[in-house]
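Colleague: Please see the structure below; I have some questions.
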Amino acid sequence: MQNLEQPQLGKTIIELRQKKRLTQEELVELCNINVRTLQRIEAGEVTPREYTIRVLLDALDYNISQIENSIQKKASLKWLKLAWVAGIFYFLLGFLESGLDYVRFEENLPYYFPLLYTSVKVLVAITFVFFMMGFIEIGKYFENSLLKISSYLMISSLVVIEVYDVISFDPSTTWEEFYLIKGTEAVAFGGIDIVFGIALLLLGKKLGVLSKAAGIFEIIVGAFFITFFLAFIGLIAMIPAIILEIIILYKFYDKLQTSA
């Protein structure tokens, strides 16, 4: 019953009632509740008791598991669509972010540079969170705990990295200190990347060759990050990895939408 939340529950009951060609008055006669209660449920104003939900669904000849699956699928579709779109923006922002990191220690930067730098970092963090939420949804769908956990760890790690980049933007931070910290971050992120890659690799049988390829690239990225000195090669390997992951999210979204 945990997925039967308003306002989706009310909308679903309206859809089912209209398919059965029942008026509100006819439905309440079948399940012995008053019209005002049904109106409030359908409007999403109240969440009925479990007993009331079961009575309504029985009257509409609908199995409780069907409505739970339907609502869960609609929620997953929203996250997956948002995820692959966010992935495209994250991919493009990554090039701008790299350029800003490269020039941040140059002299005579324009007065608006701190605001631009902070804005890009915030946007990278936001788009990455939504991007990874898509893989969390895939993990839920296939009951893959490793993919869900590694996705959450990826989110946590990148948010910490972006926050450090912003707060370290002051004259007292030297480029040596900055890149030393960035190298340490790369080692930690690399370990999580490898776990994430293994999770994608293991899903190859269900998601196909794209998942296997993305998993291999993520493992390569993580391996180079862990070496510290070869982290820049890992950044290059991230390009095909992210592209493949966006395609995976889109194809899974399309597949789920077709079967909805």
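Residue numbering for the sequence shown follows the UniProt record's numbering, beginning at 1 and increasing consecutively. For glycine and all other residues, C-beta sits at the position ideal for the given N, C-alpha and C. It should be emphasised that the depicted structure is a prediction, and the values quoted were computed from it without experimental measurement.
Report, in whole angstroms, the separation of the C-beta atoms of residue 276 and L147, which I expect to be a contact under 8 Å.
Modeller: The requested residue 276 is not part of the displayed model; the chain covers only 1 to 260.
Colleague: Is it the case that the stretch 194-202 contacts the stretch 162-169, given that we only count it when at least three CB pairs across the two stretches are under 8 Å?
Modeller: The answer is no - the stretch 194-202 does not touch the stretch 162-169, with fewer than three Cβ pairs under 8 Å.
Colleague: Run the CB neighbour count on E50, radius 10 Å, all protein chains shown included, and call it buried at 16 or more, exposed below.
Modeller: E50 is exposed by the Cβ-count criterion.
Colleague: Check whether the Cβ atoms of G134 and L80 sit closer than 8 Å, and answer yes or no.
Modeller: Closer than 8 Å, so yes.
Colleague: Would you call the stretch 167-186 and the stretch 209-218 touching, i.e. three or more CB-CB distances under 8 Å?
Modeller: Touching, no.
Colleague: Taking C-beta to C-beta, are F196 and M154 nearer than 8 Å?
Modeller: Taking 8 Å as the Cβ cut-off, F196 and M154 qualify as a contacting pair.
Colleague: Between the alpha carbons of I33 and E25, how many angstroms are there, rounded?
Modeller: Distance between the alpha carbons of I33 and E25: 10 Å.
Colleague: Suppose contacts are defined by Cβ-Cβ distances below 8 Å. Is V221 in contact with G208 by that definition?
Modeller: It is not a contact, given that the beta carbons lie outside the stated cut-off.
Colleague: Evaluate N144 with the Cβ neighbour count: other Cβ atoms within 10 Å of its Cβ, from every protein chain shown; 16 or more gives buried, anything less gives exposed.
Modeller: Buried, since its Cβ has 16 or more Cβ neighbours within 10 Å.
Colleague: In whole angstroms, what is the alpha-carbon distance linking F142 and I219?
Modeller: Cα to Cα, the separation comes out at about 21 Å.
Colleague: Do you know whose CA, among Y112, T37 and E245, lies nearest F130's CA?
Modeller: Among Y112, T37 and E245, the Cα nearest to that of F130 belongs to E245.
Colleague: Determine the closest residue to A186 out of F228, Q8 and S172, with distance taken between C-alpha atoms.
Modeller: It is F228.
Colleague: Is the distance from the Cβ of A125 to the Cβ of V103 below 8 Å?
Modeller: Going by C-beta atoms, A125 is not nearer than 8 Å to V103.
Colleague: Expressed to the nearest angstrom, what Euclidean distance is found between the alpha-carbon atoms of K15 and A223?
Modeller: This sequence places Glu at residue 15; Lys is not what is there. For E15 and A223, the distance between alpha carbons rounds to 51 Å.
Colleague: Residues in its own chain within less than 8 Å of Y62 by CB, not counting five upstream and five downstream?
Modeller: Excluding positions up to five away in sequence, the list reads L16.
Colleague: From T12 to K251, what distance separates their C-alpha atoms?
Modeller: Their Cα atoms are separated by approximately 26 Å.
Colleague: Less than 8 Å between CB atoms is the rule here; does T12 satisfy it with respect to chain C?
Modeller: The chain labelled as chain C is not found in the depicted structure, where only one protein chain is given.
Colleague: On the DSSP letters alone, give me the boundaries of the alpha helix (DSSP H) that A199 sits inside.
Modeller: Residues W175 to L202.
Colleague: When burial is assigned at 16 or more other CB atoms within 10 Å of the CB, is F225 buried or exposed?
Modeller: Burial call: buried.
Colleague: Helix, strand or coil: which one does DSSP assign to residue 263?
Modeller: It is not possible to answer for residue 263, since the shown part of the chain is limited to 1 through 260.
Colleague: State the start and end residues of the unbroken alpha helix (DSSP H) segment that holds G10.
Modeller: Q8 to K19 is the span of the alpha helix (DSSP H), which, as asked, contains G10.
Colleague: Under a Cβ-count criterion, where at least 16 other Cβ atoms within 10 Å of its own Cβ denotes burial, should E45 be classed as buried or exposed?
Modeller: By the 10 Å Cβ count, E45 comes out exposed.
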